[in-house]
Amino acid sequence: MKISRLLTALLIGLGALVGCATALDASEIGAGGMQIVRQSSATRVGQTFELDLQLPGVVTNGDQITVTIHEPVTDELQFLDSAVGKNLGGVLTSISFDVVELNPNPWGLAKIKLPITDSGATGTRIARPGIYPVSIEMRTVNQELIGKISTHLIRVGNTPFEKLRIAIIANLDTPGSSSTGQSASLTDWAEMLDSHLSVPVSLSFHGGSTESDLLDSSLLQFASQNYEIIRNPIVPINEASLLGAGLAAEVSSLLELGSDQLKQFGELAPTTLWVGHERANETQLEVRWARGIREAVVHPVSLSPIPKESPRGTVELVTNSSTMRGLVIDDLAPSQPHDTPSSAAHRVLSHLATIALNDQSKPLITVALGWNGQGPDFADAFLDGVTDLEWLDPLPTSSAVNTPFLVENGQPQQFRVQSRVNSTNRDFSQYRDAVRHLQALRSMVRDEDARDYDQLSDELLLSLSSAVSELEQRDLWKSVVDLVRLQTSLVDIPPDESIQLTSQKASVPFSFQNRASVPLRVELRIISERLTVEDFDDGESTTIVLDPGVTTHRFRLRALGSGSFPISIELHSPNGGLMVGKAQAALRATTPTGVGLGLTVGAAVFLAAWWFIDTRRRKSQRS
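In the working numbering, the protein residues as written are 752 to 1374.
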């Protein structure tokens, strides 16, 4: 009997272990090829909760889809568990559908509809507002589990509570994919945002990334009063690195160009607001504080230490030398491997709804669109949900960051920004050399001939973008220097020759050849310690224009002595930044000059006086 009882216990225990293993296997089974392509954002009593379900590639007769609605979540922790299929709670209702009855289209897309009621009438009874976990299982005719996914039904109603404030920031420079499967362009974002003009969104992008045709496109509708455009340089830059390299003028130019470009698309946010696109550090905040930034939006990884939970409200961001108001982007419900843009967006909406319904601390949530590959399709589904979900109160970021501080011990909550881990000092000497060469060449050409050079100058400035690799930068800078040297080599200066002066002053011709197709301005310098050029404006140099072909200019030279001596002939860019060419010539002065001329005249006067006196003496003797 004892042995029989022992065997029974062992069998029961073994059965439990097998059951646990079976349950574990079931929980670890993935989506099985199922995806939620679209679903209702929020559902009221009398409305229908809809799911567009993408089925696996192979479906057979007898396969079943079971939709189970569970009891509503009561806090964030339970919600996050339910988002990954855990801690789903008790079952309210479970409905099974034969796959054949769902009548999927040729691409395997099936539509599931559940009418919602709050009574015992026909439909699915959901008595009160809340966030209800929904599990979706697919099984074979033999009840073998094929796949399982989870989502949430947001049942709204006349529930009196304060709306959840959210600030929405969209990074339009994101490389996230579009509905076509291609990398999202600014045009894709513009077309999407054109459908959500009622939702306040802060748009962050760089004007240098805009396509040329956008000024005439729907992007102009960013002028909606609900959209504010964050001020950015025309291209993304490492502002601290550029300032550390002494390129403050370039930073100012990039910022000014950015604002000029962005203002064409709508209302700009205040000059005091900055949004960090990547991990921010104290150096970045300090250089921006120096130019007037007083409010910032950063990612939680920018804080030291990284908080377990993002602060939900306005805080103080602290560096060694500055303190500014700040919002921290919230890490909401993470995405799942089987996600579509719609299902990922709905999970974030469900998370916000859970906070709105259960958090009584009046939080302010900062939501980022366009990060982590979330492209326009994700944003489209999310903004649709924000419009439908009446529990949310979206605010412009510039307003949200100026709401009262979160308080701790009677003082505003403070978070220290991470210090820079390592130095990002760069050597920009090649850039400076390229700029010097190009500016020199630009000073040599007329305005009407300078279009290509002005465009190249813009490219040089934009090459300082942090989105351009160091290799690409070096290649561009070197190519500019090579181009300038090639262009200036088309000017030939006089070859070595001898110049003869037969008087103290003489007009001497100098010939130059310009093998370029446009006139070029150069500064001519004729240098010698024993020679002056009377035609030169400053006595040392003059600017001349060399038309294509051979050009001859005459200059009055004045020798300061006789004999043979060298002179140097130099051509410079008018701005003095580059020597175009140099040649040596020998000058021979064969006429008396200076003291020699004075002695000659003196000797002539002496001889004339001697002749006059001698003639008078002889006449006196004869008389």
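Even for Gly, the Cβ is constructed at its ideal location relative to N, Cα and C.
In the DSSP assignment, Ile981 falls outside any alpha helix (DSSP H), carrying neither H nor E. By the Cβ-count criterion, Ser1180 is exposed, with fewer than 16 other Cβ atoms from all chains shown falling within 10 Å of its own Cβ. Rounded to whole angstroms, the separation of the alpha carbons of Glu942 and His1102 is 27 Å. The beta carbon of Ser1268 lies closer than 8 Å to those of Pro1299 in the same chain, with the five residues before and after it left out.
By the criterion of a C-beta distance shorter than 6 Å, Thr1074 is surrounded in its chain by Glu1067, once the five residues flanking it on both sides are discounted. Ranked by how close their Cα comes to the Cα of Leu944, the residues Arg916, Ile980, Ala1020 and Leu1329 have Ile980 in first place. In the structure shown, the three-state DSSP call for Leu1215 is coil.
Within the segment 810-867, the complete beta strand (DSSP E) segments of 3 residues or longer fall at 815-821 and 842-849, listed in chain order. Sequence-distant partners of Leu1227 (beyond 5 residues in either direction) whose C-beta falls short of 6 Å from its own C-beta, in its chain, are Ser1214. When secondary structure is reduced to three states using DSSP, Gln1190 falls in the helix class.
Here Tyr883 is bridged, per DSSP, to Leu904. Annotation: Arg1171 is outside any alpha helix (DSSP H) and is labelled neither H nor E by DSSP.
By the criterion of at least three beta-carbon pairs nearer than 8 Å, the segment 1124-1138 is in contact with the segment 1086-1102. Bridge pairing for Gln805: Gln786 and Leu860 [DSSP]. The shortest C-alpha to C-alpha distance from Ala1000 to any of Asn1176, Arg1307 and Val1186 is the one to Val1186. For Glu1067, DSSP records a beta bridge to Arg1076 and Gln1165. Within the DSSP secondary-structure output, Ile917 pairs in a beta bridge with Ile1116 and Pro1145.
In this structure Gly1126 is buried. Its beta-carbon is surrounded by 16 or more other beta-carbon atoms within 10 angstroms. Look at Asn1109 here: in three-state DSSP terms it is helix. Residue range Lys1256 to Asn1265 is occupied by the beta strand (DSSP E) that includes Lys1256. Out of Thr825, Arg1098 and Val1152, the CA that lies nearest to the CA of Val835 is found in Arg1098. Note that the C-beta distance between Ala1310 and Pro1245 is not below 7 Å. Under the three-state reduction of DSSP output, Glu1280 falls in the coil class, being neither helix nor strand. DSSP, read as helix, strand or coil, puts Pro1062 in coil.
When rounded, the separation of the alpha-carbon atoms in Thr1117 and Arg1177 is 34 Å. Among the bridge pairs identified by DSSP, Leu1252 is matched with Ala1340.
Between the C-alpha atoms of Ile1044 and Thr1022 there is a straight-line separation of about 7 Å. Straight through space, the alpha carbons of Ile920 and Thr1148 are spaced by roughly 7 Å.
In the three-state DSSP reduction, Gln798 falls in the coil class, being neither helix nor strand. In the structure shown, Ser955 adopts extended strand secondary structure according to DSSP, grouped into three states. The Cβ-Cβ distance between Ser791 and Glu801 falls below 7 Å. Beta-bridge partners assigned by DSSP to His1304: Phe1261. Note that the C-beta distance between Leu806 and Ile863 is not below 7 Å.
Pro1163 and Leu1157 have their C-alpha atoms spaced approximately 6 Å apart.
Within the same chain, Cβ atoms closer than 6 Å to the Cβ of Leu1054 are found at Phe1166, the five residues on either side in sequence being excluded.
Looking from the CA of Leu1308, the closest CA among Val1301, Arg1339, Val1296 and Asn1326 belongs to Arg1339.
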